[in-house]
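Here the sequence shown is numbered in my numbering, starting from 1 and rising by one per residue. In what follows, a structure is listed as structure tokens, so that the remarks can point back to it.
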Amino acid sequence: MASVFTIFSFLLFSCSAVVVGAASSNNIASTPPKISASRAFYRPHHYDIIREEVLYEGWRKVIRRSVQSPNLTKSIDFDVIDQTHSSSGAVIIFAWNSTSKSATIIREYMPGPHRVLGGLAAGIVEDDKHMSEEDAARFELEEECHLGGGTWYRLIDDEVSVPMDKYVVTEITPYLVIDPHHVPNPRPTDDEEDIEIVTGVTAEEIMQMIKKGDMNLVGGWGSLLALHKLRELGEI
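This is the structure we're talking about:
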């Protein structure tokens, strides 16, 4: 049986991080940094954020983050992406039917790779709309897969969220839901979303999608964690 460590090792060595970029420090004026404590695993370090500046703000926010450390001879500037505009992160949901032994996934256009790829229901936790991460996950599952209810499992430790990438501020919480029911009148999707709901996808087909690059990194990671949990539960 694959361990969670094995899952993370697979993703770490099989996929490269999306590098936004690093540049030498300069004296650009900036606003004081807004630093919030991460709920993800914290390893003590000696890096300090000395200033932050918003370079661009639209659907995503690009932040110039200046960092200083005793290990560095000078401060270094990194351009990092905030996908949530300082909200409570993001969620991703793997939906499983215990009768058909299959998943419900989505296919949608992804503007970064400029491809239509398979994926899981996912979205931002909006502080003014959702009471919790699970609340956001239930909203997204209904909107994108037209599913509700079911038995829910958080796939990482309580009070933990996982950084999306080395150069991304956003942190993600993955969920598995077993036997959700169809919602006949679901909440509407966002205007930019053109989503195809795909039902009856087997565990073997999910693995093939991951190996063939027919799912992005976050969707693959969420799927691997869900499949691991399904094995623990004796579902597959």
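We treat Cβ as the ideally placed atom computed from N, Cα and C, and that holds for glycine. Given the structure is predicted, the values throughout are model-derived calculations rather than measurements.
* **Closest residue to Lys166 among Glu53, Arg65, Thr199 and Gly112 (Cα-Cα distance)** => Arg65
* Euclidean distance between Cα positions of Glu247 and Tyr56 -> In the structure displayed, the chain extends from 1 to 236; residue 247 sits before or after that span and is not available.
* Asked: Can you list, in chain order, the residues of its chain whose CB lies under 7 Å from that of Val162, leaving out five sequence neighbours each side?
  -> Contacts found: Ala40, Ile156, Glu171 and Ile172.
* Could you check the C-alpha separation between His114 and Ile93 for me, to the nearest Å? => 23 Å
* **Same chain only: Cβ atoms within 8 Å of Leu141, ignoring 5 sequence neighbours per side** => Ile93, Ala95, Ala121, Leu147, Gly148, Val177 and Pro180
* Nearest-angstrom Cα distance between Asn26 and Arg43? -> Model confidence at Asn26 stands at a pLDDT of 37, short of 50, so the residue's coordinates are unreliable; what they give is reported in the following sentence. Roughly 28 Å separates the two Cα atoms.
* Asked: Distance, Cα to Cα, Gly118 vs Asp77?
  -> 35 Å
* To do: Closer than 6 Å by C-beta to Gly21: which residues in its own chain qualify, once you throw out the five before and the five after it? Chain order, please.
  => Bear in mind that the predicted position of Gly21 carries a pLDDT of just 41, short of 50, making it unreliable; the figure below should be weighed with that in mind. Excluding positions up to five away in sequence, the list reads Asp79.
* So Gln68 is in the beta strand (DSSP E); what residue range does that whole segment cover? -> Lys61 to Gln68
* Residue from Met164, Trp221, Lys229 and Ala136 whose Cα sits closest to the Cα of Asp82 -> Of the candidates Met164, Trp221, Lys229 and Ala136, the one whose C-alpha sits nearest the C-alpha of Asp82 is Met164.
* Asked: Mapping DSSP to helix, strand and coil, what is Arg154?
  -> strand
* Whole beta strand (DSSP E) runs in the stretch 64-137 with 3 or more residues, listed along the chain? -> Unbroken beta strand (DSSP E) runs of no fewer than 3 residues, entirely contained in the stretch 64-137, are found at 76-82, 90-97, 102-110, 115-119 and 121-124, following chain order.
* May I ask you to list the residues that DSSP assigns as paired with Asp48? => BP columns for Asp48 point to Gln68.
* **Residue range of the alpha helix (DSSP H) that includes Glu204** => Ala203 to Lys211 is the span of the alpha helix (DSSP H), which, as asked, contains Glu204.
* How long is the line joining the alpha carbons of Val116 and Asn71, rounded to whole angstroms? -> 43 Å
* By how many angstroms is the C-alpha of Ala103 removed from the C-alpha of Ala203? -> 7 Å
* To do: State the beta-bridge partners of Gly148 as determined by DSSP.
  => Within the DSSP bridge table, the entry for Gly148 names His181 as partners.
* Element boundaries [beta strand (DSSP E), containing Val162] -> Val162 to Asp165
* For Ala226, which residues of its own chain have a beta-carbon under 6 Å away from its beta-carbon, when the five flanking residues on both sides are left out? -> Phe94 and Leu176
* Asked: Which partner residues does Tyr56 have in the DSSP bridge list?
  -> Its beta-bridge partners are Val62.
* To do: Tell me whether Gly200 sits in a helix, a strand or coil according to DSSP, three-state version.
  => strand
* Asked: Which residues in the same chain as Ala137 place their Cβ atom closer than 7 Å to its Cβ, once the five residues preceding and following it in sequence are excluded?
  -> Val91, Ile93 and Tyr175
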